[in-house]
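*Asks:* In the numbering used here, the protein residues as written are 438 to 829.
Right under this line is the structure:
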């Protein structure tokens with residue numbers, strides 16, 4: 438939906454993937470005189486339908502509006518006959534295509550490696566995450582088969598390890614065993630504070646325009662959620678936005694986007710004292726891969742998997758992992774990538790400069806990807822390692 442980027446880039450974690458290459462102070466291209474010797478991608482799943490519990494709330498809200506509103510004029514006319522028929526939990530066709538595109542891009546960016554190596558792939562245990570990994574493989578392998586310079590006779594990649602998301606399972610891709618962290622309400626409280634600064638005026642306008650309707654502040658944000666979900670669920674190409682999007686102004690979308698960033702920062706990032714700790718296990722696995730040495734970790738790593746060369750090889754130079762937005766946020770902060778981000782204001786929306794490049798849309802949109810690449814450069818004896826988050 439890049440044709441509508443002024444809106445779609447303000448959907449927080451519900452935004453479709455968009456590249457930040459033109460926002461980067463340093464070119465994402467491999468520097469002259471350097472060649473990549475190791476590459477790893479950590480990817481969020483592609484665009485999905487609403488989770489089942491949220492979808493039921495969206496559907497009930499729309500039914501309530503249809504029952505109580507006495508007029509549906511102008512931009513609200515579509516609501517009179519709108520039928521909520523979105524799926525639940527799984528990837529949308531658009532989301533599947535996002536991951537196919539991601540696999541193509543990964544192959545092309547690292548073709549000096551991908552032509553000759555089959556990547557080792559892990560997925561967290563959710564069906565949409567597994568499906569995302571398989572769609573990535575589809576894009577990757579279709580590109581390799583068209584490449585005349587690819588080494589012949591290689592097997593197709595597969596998901597080598599699926600890590601359970603059960604509450605008792607150690608899962609570095611999607612940690613969930615720390616009950617103190619899981620039960621924290623810090624992000625909810627911060628979100629409520631900021632919601633109170635901008636949503637009441639929207640609620641009043643909607644209630645005035647939809648005579649007979651009474652809304653809560655939370656229900657207003659549900660209608661804003663529907664802009665993204667209805668858009669990405671009804672089309673596989675960026676041809677049009679949902680009519681839900683036109684119910685809100687550009688300034689309101691800026692505030693909505695910031696609200697989502699508060700959720701991630703205080704829920705799973707540095708705003709939560711335990712947020713970055715959830716990503717330490719993955720950070721230690723990354724160090725092990727980069728140094729070809731055993732994993733040293735006593736946090737969320739699964740020692741049964743990480744001590745077995747079949748489930749955690751240390752001799753590869755090409756890896757792909759697939760997970761969810763919350764786990765990725767913790768990993769980004771555990772790696773120190775956003776150490777320059779000061780605590781986000783809960784009363785005033787801060788722009789991307791003020792947050793030092795952090796927002797939920799810039800870090801974990803649907804199909805987001807973090808590339809970790811190690812390079813050997815002519816001017817350096819030691820290898821160089823850098824991280825790109827959505828090409829930035």
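Glycine is no exception: its CB is placed at the ideal position from the N, C-alpha and C atoms.
Closer than 7 Å by C-beta to residue 539: which residues in its own chain qualify, once you throw out the five before and the five after it? Chain order, please.
*Replies:* Hits under 7 Å: 480, 573, 576, 804, 806.
*Asks:* Are three or more beta carbon pairs between the stretch 698 to 710 and the stretch 779 to 796 nearer than 8 Å?
*Replies:* Touching, per the Cβ criterion.
*Asks:* So, helix, strand or coil for residue 452, using DSSP?
*Replies:* Note: residue 452 maps to coil in three-state DSSP.
*Asks:* How many angstroms separate the CA atom of residue 790 from the CA atom of residue 682?
*Replies:* Using only the alpha carbons, I get a separation of about 26 Å.
*Asks:* What distance in whole Å lies between the Cβ atoms of residue 761 and residue 472, which are believed to be in contact at a cut-off of 8 Å?
*Replies:* In fact, because the Cβ distance is near 33 Å, the residues do not count as touching under 8 Å.
*Asks:* Where does residue 641 land, buried or exposed, given buried means 16+ other C-beta within 10 angstroms?
*Replies:* The residue in question, residue 641, is exposed, as its Cβ has fewer than 16 Cβ neighbours within 10 Å.
*Asks:* Per DSSP, what kind of secondary structure is residue 687 in: helix, strand or coil?
*Replies:* Residue 687: helix per DSSP, three-state reduction.
*Asks:* Taking three-plus beta-carbon pairs below 8 Å as touching, is the stretch 679 to 696 in contact with the stretch 510 to 524?
*Replies:* The stretch 679 to 696, when compared against the stretch 510 to 524, does touch it at the 8 Å Cβ threshold.
*Asks:* Comparing alpha-carbon positions, which option in 633, 821, 800 lies nearest residue 460?
*Replies:* Of 633, 821, 800, the residue nearest in Cα terms is 800.
*Asks:* What residue ranges within the stretch 688 to 741 form continuous alpha helix (DSSP H) runs of no fewer than 4 residues, ordered along the chain?
*Replies:* DSSP runs (the alpha helix (DSSP H)) wholly in the stretch 688 to 741: 717 to 728.
*Asks:* Roughly how many whole angstroms lie between the Cα atoms of residue 474 and residue 818?
*Replies:* When rounded, the distance between both Cα atoms is 14 Å.
*Asks:* What are the complete alpha helix (DSSP H) segments, minimum 4 residues, inside the stretch 464 to 552?
*Replies:* You should have 489 to 505, 530 to 546, 548 to 551.
*Asks:* Ignore the nearest five residues each way along the sequence and tell me which others in residue 485's own chain have a CB closer than 6 Å to its CB.
*Replies:* Hits under 6 Å: 528, 532, 565.
*Asks:* Quick check: residue 737 and residue 607, are their CB atoms within less than 8 Å of each other?
*Replies:* Cβ atoms of residue 737 and residue 607: closer than 8 Å.
*Asks:* Could you round the C-beta distance between residue 756 and residue 556 to whole angstroms and report it? I think they count as a contact, below 8 Å.
*Replies:* Right, their Cβ atoms sit about 6 Å apart.
*Asks:* What does a CB cutoff of less than 6 Å around residue 825 pick up in its chain, not counting 5 residues either side in sequence?
*Replies:* Hits under 6 Å: 465, 808.
*Asks:* Between which two residues does the alpha helix (DSSP H) holding residue 757 run?
*Replies:* Per DSSP, residue 757 belongs to no alpha helix (DSSP H); it is in the beta strand (DSSP E), 755 to 760.
*Asks:* Count the C-beta pairs between the stretch 723 to 735 and the stretch 773 to 783 that are closer than 8 Å, then say yes if the count reaches three, no if not.
*Replies:* Contact between the stretch 723 to 735 and the stretch 773 to 783 is absent, because fewer than three Cβ pairs lie under 8 Å.
*Asks:* Where does the unbroken beta strand (DSSP E) through residue 597 begin, and where does it stop?
*Replies:* Element bounds for residue 597: 596 to 600.
*Asks:* Would residue 758 be called buried (16 or more neighbouring beta carbons within 10 Å of its own) or exposed?
*Replies:* Label assigned to residue 758: buried.
*Asks:* Which of helix, strand or coil does DSSP assign to residue 659?
*Replies:* Three-state DSSP puts residue 659 in a helix.
*Asks:* Taking the straight line between their C-alpha atoms, what separation do you get for residue 740 and residue 618?
*Replies:* The straight-line gap from Cα to Cα measures roughly 22 Å.
*Asks:* Let's test the definition: count the other Cβ atoms within 10 Å of the Cβ of residue 522 and tell me whether it reaches 16, buried, or not, exposed.
*Replies:* Exposed.
*Asks:* Does residue 610 come out as helix, strand or coil in the three-state DSSP assignment?
*Replies:* The answer is coil: DSSP assigns residue 610 none of H, G, I, E or B.
*Asks:* With DSSP as the reference, identify every bridge partner of residue 558, one or two as the case may be.
*Replies:* Residue 558 is bridged to 596, 757.
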